[in-house]
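Remarks on the structure that follows.
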Amino acid sequence: MKLRTRLTLWYGGAFFAAGAVLVAVVYLIVRDRVTANMPVSGDSVESLVQARAQLGMTDEQLTALIDTVIQRQQAANDATLQAVLFGSIVALVVVGLLAVVFGSLMAGRVLRPIDAITATARRVADRSLHERIDLDGPNDELKRLADTFDGMLARLDRAFEGQRRFVANASHELKTPLAINRTLLEVAAAEPDAGHRVRDLAANLLAVNERHERLIDGLLTLAGSEQAPVDPVRVDLADIAAHVAAQFADEASEAEVAVEVANAPGVVVGDAALLERLVANLVANGIRHNHPGGTLAITTGTVERRGRIAVSNTGPVVAAYEVDALFQPFRRGEGRDRVESVRGIGLGLSIVDSIARVHHGALTAVPNRDGGLTITVEFP
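Going left to right, the sequence shown walks through residues 1 to 380 as the UniProt record's numbering numbers them.
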(Lines of atoms letter the chains of each structure in order from A and count residues from 1; the text may use other names and numbers.)
(Lines give C-alpha, C1' and ligand atoms only; values in the text may rest on other atoms or scores of the structure.)
Protein backbone atom coordinates (compact mmCIF):
# COMPACT_ATOMS: atom_id res chain seq x y z
CA MET A 1 0.00 0.00 0.00
CA LYS A 2 0.98 3.60 -0.48
CA LEU A 3 2.00 5.56 2.59
CA ARG A 4 -1.04 7.80 2.23
CA THR A 5 -3.35 4.77 2.23
CA ARG A 6 -1.64 3.30 5.28
CA LEU A 7 -1.89 6.58 7.19
CA THR A 8 -5.59 6.87 6.28
CA LEU A 9 -6.29 3.33 7.44
CA TRP A 10 -4.42 3.87 10.68
CA TYR A 11 -6.28 7.11 11.33
CA GLY A 12 -9.65 5.58 10.44
CA GLY A 13 -8.99 2.48 12.53
CA ALA A 14 -7.97 4.56 15.54
CA PHE A 15 -11.11 6.71 15.17
CA PHE A 16 -13.41 3.67 14.92
CA ALA A 17 -11.77 2.06 17.96
CA ALA A 18 -12.12 5.24 20.03
CA GLY A 19 -15.71 5.67 18.84
CA ALA A 20 -16.58 2.08 19.72
CA VAL A 21 -15.21 2.56 23.23
CA LEU A 22 -17.19 5.80 23.59
CA VAL A 23 -20.43 4.14 22.40
CA ALA A 24 -19.92 1.27 24.85
CA VAL A 25 -19.28 3.65 27.78
CA VAL A 26 -22.35 5.79 26.96
CA TYR A 27 -24.52 2.69 26.61
CA LEU A 28 -23.39 1.28 29.95
CA ILE A 29 -23.98 4.62 31.72
CA VAL A 30 -27.47 5.02 30.27
CA ARG A 31 -28.36 1.42 31.10
CA ASP A 32 -27.12 1.82 34.65
CA ARG A 33 -29.10 5.01 35.23
CA VAL A 34 -32.26 3.54 33.73
CA THR A 35 -31.95 0.39 35.83
CA ALA A 36 -31.34 2.38 39.02
CA ASN A 37 -34.47 4.46 38.45
CA MET A 38 -36.74 1.42 37.98
CA PRO A 39 -39.30 0.92 40.86
CA VAL A 40 -39.30 -2.32 42.85
CA SER A 41 -42.61 -4.19 43.14
CA GLY A 42 -42.60 -4.81 46.94
CA ASP A 43 -41.53 -1.27 47.84
CA SER A 44 -44.22 0.15 45.60
CA VAL A 45 -46.89 -1.93 47.29
CA GLU A 46 -45.85 -0.72 50.74
CA SER A 47 -45.83 2.87 49.59
CA LEU A 48 -49.33 2.55 48.16
CA VAL A 49 -50.98 0.45 50.90
CA GLN A 50 -52.39 3.54 52.52
CA ALA A 51 -53.95 4.62 49.22
CA ARG A 52 -55.63 1.31 48.37
CA ALA A 53 -58.89 2.38 50.07
CA GLN A 54 -59.00 5.50 47.92
CA LEU A 55 -58.34 3.41 44.78
CA GLY A 56 -60.96 0.89 45.78
CA MET A 57 -58.62 -2.03 45.01
CA THR A 58 -57.48 -5.05 46.93
CA ASP A 59 -53.79 -5.76 47.61
CA GLU A 60 -53.66 -8.36 44.85
CA GLN A 61 -55.19 -5.99 42.31
CA LEU A 62 -52.82 -3.22 43.33
CA THR A 63 -49.77 -5.51 43.08
CA ALA A 64 -50.86 -6.74 39.68
CA LEU A 65 -51.28 -3.15 38.49
CA ILE A 66 -47.83 -2.16 39.71
CA ASP A 67 -46.22 -5.21 38.08
CA THR A 68 -47.91 -4.32 34.81
CA VAL A 69 -46.61 -0.76 35.02
CA ILE A 70 -43.09 -2.03 35.79
CA GLN A 71 -43.14 -4.46 32.86
CA ARG A 72 -44.25 -1.74 30.48
CA GLN A 73 -41.60 0.62 31.86
CA GLN A 74 -38.97 -2.10 31.44
CA ALA A 75 -40.04 -2.67 27.83
CA ALA A 76 -39.90 1.07 27.20
CA ASN A 77 -36.44 1.25 28.77
CA ASP A 78 -35.21 -1.66 26.65
CA ALA A 79 -36.52 0.01 23.50
CA THR A 80 -34.83 3.24 24.53
CA LEU A 81 -31.51 1.46 25.11
CA GLN A 82 -31.76 -0.28 21.74
CA ALA A 83 -32.53 3.04 20.05
CA VAL A 84 -29.58 4.69 21.80
CA LEU A 85 -27.26 1.83 20.81
CA PHE A 86 -28.44 1.69 17.19
CA GLY A 87 -28.31 5.46 16.80
CA SER A 88 -24.81 5.59 18.30
CA ILE A 89 -23.56 2.88 15.95
CA VAL A 90 -25.06 4.59 12.88
CA ALA A 91 -23.57 7.92 13.96
CA LEU A 92 -20.21 6.22 14.55
CA VAL A 93 -20.24 4.71 11.05
CA VAL A 94 -21.24 7.96 9.33
CA VAL A 95 -18.80 10.12 11.27
CA GLY A 96 -16.13 7.43 10.89
CA LEU A 97 -16.45 7.46 7.10
CA LEU A 98 -16.22 11.24 7.13
CA ALA A 99 -13.17 10.92 9.37
CA VAL A 100 -11.56 8.51 6.87
CA VAL A 101 -12.12 11.01 4.06
CA PHE A 102 -10.77 13.80 6.23
CA GLY A 103 -7.82 11.63 7.21
CA SER A 104 -7.02 10.95 3.55
CA LEU A 105 -7.05 14.68 2.81
CA MET A 106 -4.87 15.41 5.82
CA ALA A 107 -2.45 12.61 4.93
CA GLY A 108 -2.16 14.03 1.42
CA ARG A 109 -1.45 17.48 2.81
CA VAL A 110 1.15 16.15 5.23
CA LEU A 111 2.85 14.08 2.53
CA ARG A 112 2.83 16.89 -0.05
CA PRO A 113 6.36 18.05 0.90
CA ILE A 114 7.60 14.48 0.49
CA ASP A 115 6.07 14.42 -3.00
CA ALA A 116 7.95 17.65 -3.73
CA ILE A 117 11.19 16.06 -2.54
CA THR A 118 10.55 13.00 -4.70
CA ALA A 119 9.72 15.09 -7.78
CA THR A 120 12.88 17.14 -7.31
CA ALA A 121 14.99 14.00 -6.90
CA ARG A 122 13.51 12.58 -10.10
CA ARG A 123 14.19 15.77 -12.04
CA VAL A 124 17.72 15.93 -10.66
CA ALA A 125 18.35 12.31 -11.63
CA ASP A 126 17.11 12.97 -15.17
CA ARG A 127 18.84 16.31 -15.83
CA SER A 128 21.28 18.03 -13.49
CA LEU A 129 22.18 18.59 -9.87
CA HIS A 130 21.59 22.36 -9.87
CA GLU A 131 17.95 22.25 -8.80
CA ARG A 132 16.96 22.56 -5.12
CA ILE A 133 13.78 21.89 -3.14
CA ASP A 134 13.79 25.11 -1.06
CA LEU A 135 10.86 23.93 1.08
CA ASP A 136 9.07 26.70 2.97
CA GLY A 137 7.44 26.24 6.37
CA PRO A 138 8.23 25.69 10.03
CA ASN A 139 11.41 23.98 11.10
CA ASP A 140 9.79 20.58 11.47
CA GLU A 141 10.89 17.09 10.42
CA LEU A 142 9.96 17.57 6.75
CA LYS A 143 11.73 20.95 6.54
CA ARG A 144 14.88 19.45 8.03
CA LEU A 145 14.64 16.51 5.60
CA ALA A 146 14.32 18.88 2.63
CA ASP A 147 17.22 21.02 3.85
CA THR A 148 19.37 17.92 4.31
CA PHE A 149 18.50 16.78 0.80
CA ASP A 150 19.39 20.23 -0.58
CA GLY A 151 22.72 20.08 1.21
CA MET A 152 23.42 16.65 -0.23
CA LEU A 153 22.58 17.91 -3.74
CA ALA A 154 24.91 20.86 -3.28
CA ARG A 155 27.78 18.58 -2.25
CA LEU A 156 27.08 16.20 -5.15
CA ASP A 157 26.92 19.13 -7.56
CA ARG A 158 30.30 20.37 -6.39
CA ALA A 159 31.75 16.87 -6.59
CA PHE A 160 30.50 16.22 -10.13
CA GLU A 161 31.56 19.67 -11.28
CA GLY A 162 35.02 18.99 -9.86
CA GLN A 163 35.06 15.64 -11.63
CA ARG A 164 34.11 17.24 -14.95
CA ARG A 165 36.83 19.87 -14.57
CA PHE A 166 39.36 17.19 -13.66
CA VAL A 167 38.43 15.07 -16.68
CA ALA A 168 38.65 18.07 -19.00
CA ASN A 169 42.01 19.19 -17.60
CA ALA A 170 43.38 15.65 -17.48
CA SER A 171 42.34 14.97 -21.07
CA HIS A 172 44.16 18.11 -22.23
CA GLU A 173 47.25 17.37 -20.17
CA LEU A 174 47.36 13.75 -21.35
CA LYS A 175 46.54 14.30 -25.00
CA THR A 176 49.08 17.07 -25.52
CA PRO A 177 52.23 15.01 -24.76
CA LEU A 178 50.84 12.09 -26.73
CA ALA A 179 50.29 14.32 -29.74
CA ILE A 180 53.83 15.68 -29.36
CA ASN A 181 55.24 12.15 -29.10
CA ARG A 182 53.36 11.09 -32.23
CA THR A 183 54.69 14.07 -34.17
CA LEU A 184 58.27 13.47 -33.03
CA LEU A 185 58.10 9.78 -33.89
CA GLU A 186 56.65 10.46 -37.32
CA VAL A 187 59.36 13.05 -38.01
CA ALA A 188 62.10 10.72 -36.80
CA ALA A 189 60.83 7.86 -38.93
CA ALA A 190 60.66 10.13 -41.99
CA GLU A 191 64.29 11.23 -41.74
CA PRO A 192 66.31 10.12 -44.79
CA ASP A 193 69.19 8.81 -42.67
CA ALA A 194 66.87 6.84 -40.33
CA GLY A 195 67.87 3.21 -40.26
CA HIS A 196 65.67 0.14 -40.41
CA ARG A 197 65.83 -0.35 -36.66
CA VAL A 198 64.85 3.27 -36.02
CA ARG A 199 61.83 2.96 -38.32
CA ASP A 200 60.74 -0.29 -36.63
CA LEU A 201 61.12 1.25 -33.20
CA ALA A 202 59.16 4.31 -34.29
CA ALA A 203 56.39 2.11 -35.68
CA ASN A 204 56.14 0.17 -32.43
CA LEU A 205 56.13 3.34 -30.36
CA LEU A 206 53.46 4.87 -32.62
CA ALA A 207 51.30 1.79 -32.06
CA VAL A 208 51.73 2.11 -28.30
CA ASN A 209 51.01 5.84 -28.53
CA GLU A 210 47.84 5.20 -30.55
CA ARG A 211 46.69 2.63 -28.01
CA HIS A 212 47.15 5.15 -25.20
CA GLU A 213 45.18 7.72 -27.18
CA ARG A 214 42.35 5.23 -27.61
CA LEU A 215 42.47 4.50 -23.90
CA ILE A 216 42.19 8.18 -23.01
CA ASP A 217 39.36 8.69 -25.50
CA GLY A 218 37.57 5.68 -24.05
CA LEU A 219 37.93 6.95 -20.50
CA LEU A 220 36.65 10.39 -21.51
CA THR A 221 33.69 8.85 -23.29
CA LEU A 222 32.94 6.62 -20.32
CA ALA A 223 33.04 9.63 -17.98
CA GLY A 224 30.88 11.71 -20.30
CA SER A 225 28.34 8.95 -20.90
CA GLU A 226 27.50 8.90 -17.19
CA GLN A 227 25.70 12.23 -17.66
CA ALA A 228 22.15 12.27 -18.99
CA PRO A 229 21.61 13.83 -22.45
CA VAL A 230 21.28 17.61 -22.19
CA ASP A 231 19.27 18.09 -25.40
CA PRO A 232 17.68 14.76 -26.33
CA VAL A 233 16.42 14.41 -29.91
CA ARG A 234 14.50 11.78 -31.87
CA VAL A 235 16.93 9.35 -33.48
CA ASP A 236 16.27 6.36 -35.71
CA LEU A 237 18.44 3.39 -34.74
CA ALA A 238 18.16 2.09 -38.31
CA ASP A 239 19.97 5.15 -39.67
CA ILE A 240 22.68 4.88 -37.03
CA ALA A 241 23.16 1.16 -37.69
CA ALA A 242 23.48 1.69 -41.46
CA HIS A 243 25.98 4.52 -40.96
CA VAL A 244 28.10 2.54 -38.47
CA ALA A 245 28.05 -0.58 -40.67
CA ALA A 246 29.41 1.48 -43.57
CA GLN A 247 32.14 2.89 -41.32
CA PHE A 248 33.33 -0.57 -40.27
CA ALA A 249 33.02 -2.16 -43.73
CA ASP A 250 36.76 -2.06 -44.41
CA GLU A 251 37.67 -3.42 -40.97
CA ALA A 252 35.14 -6.23 -41.34
CA SER A 253 36.52 -7.06 -44.77
CA GLU A 254 40.08 -7.24 -43.44
CA ALA A 255 38.92 -9.49 -40.60
CA GLU A 256 36.96 -11.65 -43.10
CA VAL A 257 33.73 -11.10 -41.19
CA ALA A 258 30.48 -10.87 -43.13
CA VAL A 259 28.21 -8.09 -41.89
CA GLU A 260 24.46 -8.64 -42.25
CA VAL A 261 22.17 -5.67 -41.66
CA ALA A 262 18.39 -5.98 -41.17
CA ASN A 263 17.18 -2.51 -40.34
CA ALA A 264 13.59 -1.59 -39.50
CA PRO A 265 12.60 1.80 -38.06
CA GLY A 266 13.39 2.08 -34.34
CA VAL A 267 12.93 5.66 -33.21
CA VAL A 268 14.23 6.58 -29.75
CA VAL A 269 14.86 9.84 -27.88
CA GLY A 270 18.35 10.58 -26.66
CA ASP A 271 21.80 11.93 -27.47
CA ALA A 272 22.61 11.10 -31.09
CA ALA A 273 26.40 11.09 -30.55
CA LEU A 274 26.19 8.74 -27.56
CA LEU A 275 23.79 6.40 -29.33
CA GLU A 276 26.10 6.28 -32.34
CA ARG A 277 29.00 5.45 -30.02
CA LEU A 278 26.92 2.66 -28.46
CA VAL A 279 26.22 1.06 -31.84
CA ALA A 280 29.82 1.57 -32.97
CA ASN A 281 31.18 -0.16 -29.86
CA LEU A 282 28.81 -3.10 -30.35
CA VAL A 283 29.82 -3.48 -33.99
CA ALA A 284 33.54 -3.08 -33.23
CA ASN A 285 33.28 -5.65 -30.44
CA GLY A 286 31.48 -8.07 -32.76
CA ILE A 287 34.15 -7.74 -35.44
CA ARG A 288 37.26 -7.80 -33.28
CA HIS A 289 36.11 -10.72 -31.14
CA ASN A 290 35.24 -12.87 -34.13
CA HIS A 291 37.07 -15.33 -36.35
CA PRO A 292 37.82 -15.36 -40.08
CA GLY A 293 34.77 -16.47 -42.00
CA GLY A 294 32.44 -15.44 -39.16
CA THR A 295 29.34 -13.29 -39.33
CA LEU A 296 27.99 -10.19 -37.63
CA ALA A 297 24.24 -9.54 -37.68
CA ILE A 298 22.81 -6.08 -36.90
CA THR A 299 19.04 -5.85 -36.40
CA THR A 300 16.96 -2.80 -35.50
CA GLY A 301 13.24 -2.34 -35.01
CA THR A 302 10.44 -1.53 -32.61
CA VAL A 303 9.05 -3.98 -30.06
CA GLU A 304 6.07 -2.89 -27.94
CA ARG A 305 6.77 0.80 -28.67
CA ARG A 306 10.40 0.42 -27.60
CA GLY A 307 13.29 1.03 -29.98
CA ARG A 308 15.51 -2.02 -30.20
CA ILE A 309 18.93 -2.90 -31.61
CA ALA A 310 20.50 -6.35 -31.50
CA VAL A 311 24.06 -7.23 -32.53
CA SER A 312 24.94 -10.92 -32.82
CA ASN A 313 28.36 -12.25 -33.76
CA THR A 314 30.14 -15.53 -34.06
CA GLY A 315 33.42 -16.08 -32.27
CA PRO A 316 34.89 -17.81 -29.23
CA VAL A 317 32.53 -19.60 -26.87
CA VAL A 318 31.63 -17.41 -23.89
CA ALA A 319 30.51 -19.00 -20.64
CA ALA A 320 27.27 -17.65 -19.22
CA TYR A 321 28.90 -16.73 -15.90
CA GLU A 322 31.47 -14.57 -17.71
CA VAL A 323 28.93 -12.34 -19.48
CA ASP A 324 28.41 -9.84 -16.63
CA ALA A 325 32.15 -9.38 -16.20
CA LEU A 326 32.50 -8.33 -19.85
CA PHE A 327 30.65 -5.07 -19.09
CA GLN A 328 33.10 -4.05 -16.36
CA PRO A 329 35.90 -1.63 -17.29
CA PHE A 330 39.17 -3.19 -18.50
CA ARG A 331 37.64 -6.66 -18.65
CA ARG A 332 37.78 -8.82 -21.76
CA GLY A 333 36.76 -12.29 -22.66
CA GLU A 334 38.89 -15.40 -22.88
CA GLY A 335 40.04 -15.03 -19.25
CA ARG A 336 41.97 -11.80 -19.72
CA ASP A 337 41.75 -9.03 -17.16
CA ARG A 338 43.48 -5.63 -17.37
CA VAL A 339 45.88 -6.83 -20.06
CA GLU A 340 46.67 -4.79 -23.17
CA SER A 341 45.20 -6.18 -26.34
CA VAL A 342 45.62 -5.24 -29.96
CA ARG A 343 41.86 -5.66 -30.36
CA GLY A 344 40.78 -3.14 -27.77
CA ILE A 345 41.30 -1.41 -24.46
CA GLY A 346 38.57 -3.15 -22.45
CA LEU A 347 36.15 -0.20 -22.28
CA GLY A 348 33.87 -0.83 -25.25
CA LEU A 349 31.10 -2.76 -23.52
CA SER A 350 31.46 -0.65 -20.36
CA ILE A 351 30.64 2.41 -22.45
CA VAL A 352 27.70 0.57 -24.02
CA ASP A 353 26.32 -0.26 -20.58
CA SER A 354 26.77 3.32 -19.35
CA ILE A 355 25.06 4.85 -22.41
CA ALA A 356 22.18 2.39 -22.14
CA ARG A 357 21.66 3.26 -18.46
CA VAL A 358 21.57 7.04 -18.95
CA HIS A 359 18.98 6.49 -21.71
CA HIS A 360 16.91 4.23 -19.41
CA GLY A 361 17.54 1.33 -21.75
CA ALA A 362 17.47 -2.38 -20.96
CA LEU A 363 20.63 -4.24 -21.98
CA THR A 364 20.85 -8.02 -22.24
CA ALA A 365 23.69 -10.25 -23.42
CA VAL A 366 23.22 -13.92 -24.20
CA PRO A 367 26.02 -16.33 -25.28
CA ASN A 368 25.37 -18.07 -28.58
CA ARG A 369 25.47 -21.85 -28.62
CA ASP A 370 28.21 -22.00 -31.29
CA GLY A 371 30.21 -19.08 -29.88
CA GLY A 372 29.95 -15.34 -29.75
CA LEU A 373 27.36 -13.10 -28.14
CA THR A 374 23.97 -11.61 -28.90
CA ILE A 375 23.70 -8.19 -27.25
CA THR A 376 20.30 -6.47 -27.27
CA VAL A 377 19.47 -2.95 -26.11
CA GLU A 378 15.87 -1.69 -25.85
CA PHE A 379 15.10 1.99 -25.33
CA PRO A 380 11.84 3.62 -24.25
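We treat Cβ as the ideally placed atom computed from N, Cα and C, and that holds for glycine.
Within the same chain, and ignoring the five residues on either side of glycine 108 in sequence, the residues whose Cβ sits closer than 7 Å to its Cβ are Arg4. Residue Asn313 holds the alpha-carbon nearest to the alpha-carbon of arginine 369 among Asn313, Gly301, Ile66, Arg112.
The residues Leu349, Ser350, Asp353, in chain order, have a CB closer than 7 Å to that of phenylalanine 327 in the same chain once the five nearest residues on each side in sequence are set aside. With a cutoff of 8 Å on beta-carbon distance, isoleucine 309 and leucine 237 are scored as near each other. The C-alpha of glycine 307 lies about 26 Å from the C-alpha of proline 329. Counted as a single uninterrupted DSSP element, the beta strand (DSSP E) harbouring leucine 296 occupies residues 295–303.
Here the segment 150–157 does not lie against the segment 179–187, with fewer than 3 beta-carbon pairs under 8 Å apart.
Across the structure, threonine 148 and glutamate 131 are spaced so that their CA atoms are roughly 14 Å apart. In the three-state reduction of the DSSP assignment, threonine 314 falls in the coil class, being assigned neither a helical nor a strand state. Look at arginine 109 here: in three-state DSSP terms it is helix. Judged by DSSP in its simplified three-state form, proline 367 adopts strand. In this structure valine 84 is in contact with tyrosine 27, their Cβ atoms being roughly 6 Å apart against a cut-off of 8 Å. Counting the other CB atoms within 10 Å of its CB gives histidine 172 a total below 16, which places it among the exposed residues. 8 Å or more divides the Cβ of alanine 207 from the Cβ of valine 198. Secondary structure note for leucine 282: its alpha helix (DSSP H) is the uninterrupted segment 272–288. Here leucine 81 is actually not in contact with valine 21; their C-beta atoms are around 18 Å apart, not less than 8 Å. CA-CA distance, arginine 214 to leucine 220, rounds to 10 Å. The beta-carbon separation of glycine 19 and leucine 92, rounded to 4 Å, stays under the 8 Å limit for a contact.
When secondary structure is reduced to three states using DSSP, glycine 195 falls in the coil class, being assigned neither helix nor strand.
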